[in-house]
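> Numbering of the sequence shown is given in the working numbering, commencing with residue 3 and proceeding in unit increments. All residues carry an ideal CB built from backbone N, CA and C; glycine is no exception.
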Amino acid sequence: MSTAVVSPDIVQEQEARSQRVNYLNATHGLKSWLLTSDHKRIALLYLMGVSFFFLVGGLLAMALRMELLTPDADMMAMDTYNKVFTMHGVVMVFFVLIPAVPAVIGNFVLPMMLGARDLAFPKINLLSWYLYVIAGLLLVVTVVNGGVDTGWTFTAPLSTRFVNTNVITAGLAAFVAGFSSILTGLNFIVTIHRMRAPGLTWFRLPLFVWANYAAAIIMILGTPVVSVTIVMVAVERIFHFGFFDPTLGGDPLLFQHLFWFYSHPAVYVMLLPSMGVISEIIACFSRKRIFGYTAVAFSSVSIAVFGFFVWEHHMFIMGVSQYSAMVFSLLTMLVAVPSAIKTFNWATTLYKGSIDFSAPMIYALGFIGLFVIGGCTGIFLGNLGTDIHLTETYFVVAHFHFVMVGAVIMGYLGGLHFWWPKITGRMYPEMPAKVAAALVFIGFFFTFGPQFILGHLGMPRRYAMYPAEWQVLNVMSTAGATVMGAGYMLAAVYLIWSMKWGRVAGDNPWRAYGLEWQTHSPPLTENFLETPIVTTEAYDYAWMDGLKNETENV
Numbered sequence: 003m004s005t006a007v008v009s010p011d012i013v014q015e016q017e018a019r020s021q022r023v024n025y026l027n028a029t030h031g032l033k034s035w036l037l038t039s040d041h042k043r044i045a046l047l048y049l050m051g052v053s054f055f056f057l058v059g060g061l062l063a064m065a066l067r068m069e070l071l072t073p074d075a076d077m078m079a080m081d082t083y084n085k086v087f088t089m090h091g092v093v094m095v096f097f098v099l100i101p102a103v104p105a106v107i108g109n110f111v112l113p114m115m116l117g118a119r120d121l122a123f124p125k126i127n128l129l130s131w132y133l134y135v136i137a138g139l140l141l142v143v144t145v146v147n148g149g150v151d152t153g154w155t156f157t158a159p160l161s162t163r164f165v166n167t168n169v170i171t172a173g174l175a176a177f178v179a180g181f182s183s184i185l186t187g188l189n190f191i192v193t194i195h196r197m198r199a200p201g202l203t204w205f206r207l208p209l210f211v212w213a214n215y216a217a218a219i220i221m222i223l224g225t226p227v228v229s230v231t232i233v234m235v236a237v238e239r240i241f242h243f244g245f246f247d248p249t250l251g252g253d254p255l256l257f258q259h260l261f262w263f264y265s266h267p268a269v270y271v272m273l274l275p276s277m278g279v280i281s282e283i284i285a286c287f288s289r290k291r292i293f294g295y296t297a298v299a300f301s302s303v304s305i306a307v308f309g310f311f312v313w314e315h316h317m318f319i320m321g322v323s324q325y326s327a328m329v330f331s332l333l334t335m336l337v338a339v340p341s342a343i344k345t346f347n348w349a350t351t352l353y354k355g356s357i358d359f360s361a362p363m364i365y366a367l368g369f370i371g372l373f374v375i376g377g378c379t380g381i382f383l384g385n386l387g388t389d390i391h392l393t394e395t396y397f398v399v400a401h402f403h404f405v406m407v408g409a410v411i412m413g414y415l416g417g418l419h420f421w422w423p424k425i426t427g428r429m430y431p432e433m434p435a436k437v438a439a440a441l442v443f444i445g446f447f448f449t450f451g452p453q454f455i456l457g458h459l460g461m462p463r464r465y466a467m468y469p470a471e472w473q474v475l476n477v478m479s480t481a482g483a484t485v486m487g488a489g490y491m492l493a494a495v496y497l498i499w500s501m502k503w504g505r506v507a508g509d510n511p512w513r514a515y516g517l518e519w520q521t522h523s524p525p526l527t528e529n530f531l532e533t534p535i536v537t538t539e540a541y542d543y544a545w546m547d548g549l550k551n552e553t554e555n556v
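(1) Where DSSP assigns a beta bridge to Val506, which residues make up the other side?
(2) Sorted by chain position, which residues of the same chain lie with C-beta nearer than 6 Å to Ser281's C-beta, five sequence neighbours on each side aside?
(3) Only counting the same chain, and skipping five residues up and downstream in sequence, which positions put a Cβ closer than 6 Å to that of Asn347?
(4) Identify which residue in Ala438, Val178, Pro267, Gly108 has its Cα closest to the Cα of Val279.
(5) Quick one: what's got a C-beta closer than 6 Å to Gly482's C-beta in the same chain, skipping five residues either side?
(6) Which runs of the alpha helix (DSSP H), 4 residues or longer, sit entirely within the region 377-454?
(7) Short check: CB of Ala342 to CB of Leu372, under 8 Å?
(8) Taking 8 Å as the threshold (C-beta atoms), are Leu352 and Ile284 in contact?
(9) Helix or strand or just coil, what does DSSP make of Pro104?
(10) Quick one: any contact between the region 428-446 and the region 490-501, if contact means 3 or more CB pairs under 8 Å?
(11) Mapping the DSSP letters down to three states, classify Phe529 as helix, strand or coil.
(12) Starting from Trp131, trace the alpha helix (DSSP H) both ways and give me its first and last residue.
(13) Whose C-alpha, out of Ile170, Asp40, Val169, is nearest the C-alpha of Thr527?
(14) On a CA-only basis, which of Met89, Ser301, Leu121, Thr162 is nearest Leu141? Give me that one, please.
(15) Going by other Cβ atoms of all chains shown within 10 Å of its Cβ, with 16 needed for buried, is Ser229 buried or exposed?
(16) By DSSP, does Pro267 sit in helix, in strand, or in coil?
(17) Tell me the DSSP secondary structure of Pro462 in three-state form.
(18) Mind reading off the beta-carbon distance from Val312 to Leu333? Whole number of angstroms is fine, and I expect it under 8 Å.
(19) Which residue comes first and which comes last in the alpha helix (DSSP H) that contains Tyr325?
(20) Quick one: residues in its chain with C-beta nearer than 8 Å to the C-beta of Val557, no 5 flanking neighbours on either side, listed in chain order?
(21) So which of Ile411, Lys354, Lys33, Ala400 has the shortest CA-CA distance to Ile455?
(22) Comparing the CB of Phe261 with every heavy atom of the ligand NAP, is any distance shorter than 7 Å?
(23) In the structure shown, what three-state DSSP assignment does Trp499 receive?
(24) Look at Tyr396 and Pro73 and say whether their C-beta atoms are less than 8 Å apart.
(25) When you compare only the Cα positions, how much space is there between Ala172 and Leu46?
(26) Please go through the same chain and pick out, in chain order, the residues whose beta-carbon is closer than 8 Å to the beta-carbon of Leu531, but skip the five residues on each side of it.
(27) Would you kindly work out how many angstroms separate the C-alpha atoms of Arg560 and Asn84, rounded to a whole number?
(28) So for Ile44, helix, strand or coil by DSSP?
(29) Quick one: give me the first and last residue of the alpha helix (DSSP H) that Gly187 is part of.
(30) Ignore the nearest five residues each way along the sequence and tell me which others in Val178's own chain have a CB closer than 6 Å to its CB.
(31) Consult DSSP for Val312 and reduce its assignment to one of helix, strand or coil.
(32) Nearest to Ala65 by alpha carbon, out of Thr537, Pro524, Pro511, Thr480?
(33) Would the region 418-436 and the region 384-393 be scored as touching if the rule is three or more Cβ pairs under 8 Å?
(34) Would DSSP call Ala28 helix, strand or coil?
(35) Does the separation of the CB atoms of Leu273 and Met197 fall below 8 Å?
(36) May I ask you to report which of helix, strand or coil DSSP gives Thr225?
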């Protein structure tokens, strides 16, 4: 058996890379981090926050699954169960899924993808993180004071009249987190319009940039609506103004319209950036230009636009007009078209590609599998006839977890693995990464797959008790959650380990295309020593691999 010998020159080069001045070691001390205006450091601050809340949300989810192991509510009281699933939803939606890809990965790589030194408004970027922290502290105050039990949707007039828990502080946490999202979206839009490198035209932009641009549009246009709605809930609860309570002259349907006008597009704030990650990974690890680049780019904008015209499919049983329900059912079918364009174009890109099944690619393929299942089951909920039977059952829980959690988190973890060498300058161990990706995918499928069956059988969501004949499927779901949790923990362990002991990465360990891979790993504080000039089309892997071959021949 032969043993590989590492050249002393290579060792010296790796040591030089690890000791080079970069954004991580340019300045030191807590103050340098808390007052930083470097988009890369702010991304890492977001990474710590999102990771913390992901852990909290996961522990709350496991508490729910442990309760549902048995048909009786024998682990926690009914009102405690209500508080646990409410806090799980609030934590995961507002503090994990919405900020995960844009605020962590987008903050880190988007300026470098554009050839810029930073985002357009660095101090506003830091302010957005502080707002996120303030919102998190308000959520902690809510938990310490006893939690809230309205469900993450804060449905009125339940939230304004009939509950005595901490609706105001929980709503205020979501309100402040919304402003964090608005500032991030504003920064992205201005940066993409005004700070692109010479030669980087709109149709040379990476698809990750297109996806974040579309998501930023939703942040800017949709988030103010839910912010105003939360204020109206607080005013009605405190001063008894009649916005939503019919006994005060209000209309409960008004809350539903306002809330879902934002909250359905918010699904695409979570999903679109992950879709952008998948485009980057598939192009890199199949060594091909994305098939139908223009169609994929415009499909991101189409999803953002169509997302504002489908909110009423959440309200088919709320007493809305049957005529409007039919129109919104049709519109819901149409919003599937741009998502299908992405999926088919990814599959076509993979066709006859030189595929490398590295960990990021496994996450990308897992994303496609979970997203296709989540999207296809969404057709049943967008259809007026089947939705009436399935709404408020575990079918809905399974569907939105496949889309909002399964697909989004697979994209987030795939992007984190893809750009981890750029973020830290270190490589993670490949085999544990592949095992973790497989565990997350398999565990997720067995967690929420049985819930489609439970929903079809009629098991209602948000109840701690259920008939004994459904226990087997619930046990399977809890077992799957355990496997999925093991995958997440394994990923956390080896990523943290790699920051100190991982192999030193080169500037472009994946031979990926894009301006961010032309910088050092980790990058300089200013990203580039001089502004890059773009002369080739996006994802021109044939040119890049040809350039590599020429270099090797020389």
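From the atom records:
(1) Beta-bridge pairing links Val506 to Arg428.
(2) Here Ser281 has Leu209, Ile292 as same chain residues with Cβ atoms under 6 Å from its own Cβ, once five neighbours each way along the sequence are excluded.
(3) Apart from the 5 residues on each side of it in sequence, Asn347 sits with its Cβ closer than 6 Å to the Cβ of Phe293, Gly294, Val298 in its chain, given in chain order.
(4) Just measuring C-alpha positions, the residue of Ala438, Val178, Pro267, Gly108 sitting nearest Val279 is Gly108.
(5) Only Gly445, Phe448, Thr449 meet the Cβ criterion.
(6) Taken in chain order, the complete alpha helix (DSSP H) segments of 4 residues or longer contained in the region 377-454 are 386-392, 396-402, 410-426.
(7) Cβ atoms of Ala342 and Leu372: not closer than 8 Å.
(8) Closer than 8 Å, so yes.
(9) Pro104 falls in the helix class under three-state DSSP.
(10) Contact between the region 428-446 and the region 490-501 is present, because at least three Cβ pairs lie under 8 Å.
(11) A quick correction: the sequence has Asn, not Phe, at residue 529. Asn529: strand per DSSP, three-state reduction.
(12) Looking at the DSSP string, the run of the alpha helix (DSSP H) that includes Trp131 is 124-146.
(13) Comparing alpha-carbon positions, the option among Ile170, Asp40, Val169 lying closest to Thr527 turns out to be Asp40.
(14) Cα-wise, what sits closest to Leu141 is Met89.
(15) Buried, since its Cβ has 16 or more Cβ neighbours within 10 Å.
(16) Correct three-state label for Pro267: helix.
(17) In the structure shown, Pro462 sits in a strand (DSSP, three-state: E or B).
(18) Contact holds; Cβ gap of about 5 Å.
(19) From DSSP, the alpha helix (DSSP H) with Tyr325 extends over 324-352.
(20) No answer is possible for residue 557: the residues shown for the chain start at 3 and end at 556.
(21) Out of Ile411, Lys354, Lys33, Ala400, Ala400 has the C-alpha closest to the C-alpha of Ile455.
(22) Among the ligands in the structure shown, none appear at all, so the ligand NAP cannot be discussed.
(23) Looking at Trp499 - three-state DSSP - the assignment turns out to be helix.
(24) At a Cβ-Cβ threshold of 8 Å, Tyr396 and Pro73 do not count as neighbours.
(25) Taken atom to atom, the span from the alpha-carbon of Ala172 to that of Leu46 is near 26 Å.
(26) Contacts found: none.
(27) This structure leaves residue 560 out entirely; the chain is present only between 3 and 556.
(28) In this structure, Ile44 counts as helix in the three-state DSSP scheme.
(29) Taken as a continuous stretch (DSSP letters only), the alpha helix (DSSP H) holding Gly187 covers 169-196.
(30) Closer than 6 Å at the Cβ level, and outside the excluded window around Val178, lie Leu133, Ile136, Ala137.
(31) In this structure, Val312 counts as coil in the three-state DSSP scheme.
(32) Between Ala65 and the set Thr537, Pro524, Pro511, Thr480, the nearest pair of CA atoms involves Thr480.
(33) Using a Cβ-Cβ distance cut-off of 8 Å, the region 418-436 and the region 384-393 are not in contact, since fewer than three pairs of beta carbons, one from each stretch, lie closer than that value.
(34) Under the three-state reduction of DSSP output, Ala28 falls in the coil class, being neither helix nor strand.
(35) Contact flag unset, no.
(36) Three-state DSSP puts Thr225 in a helix.
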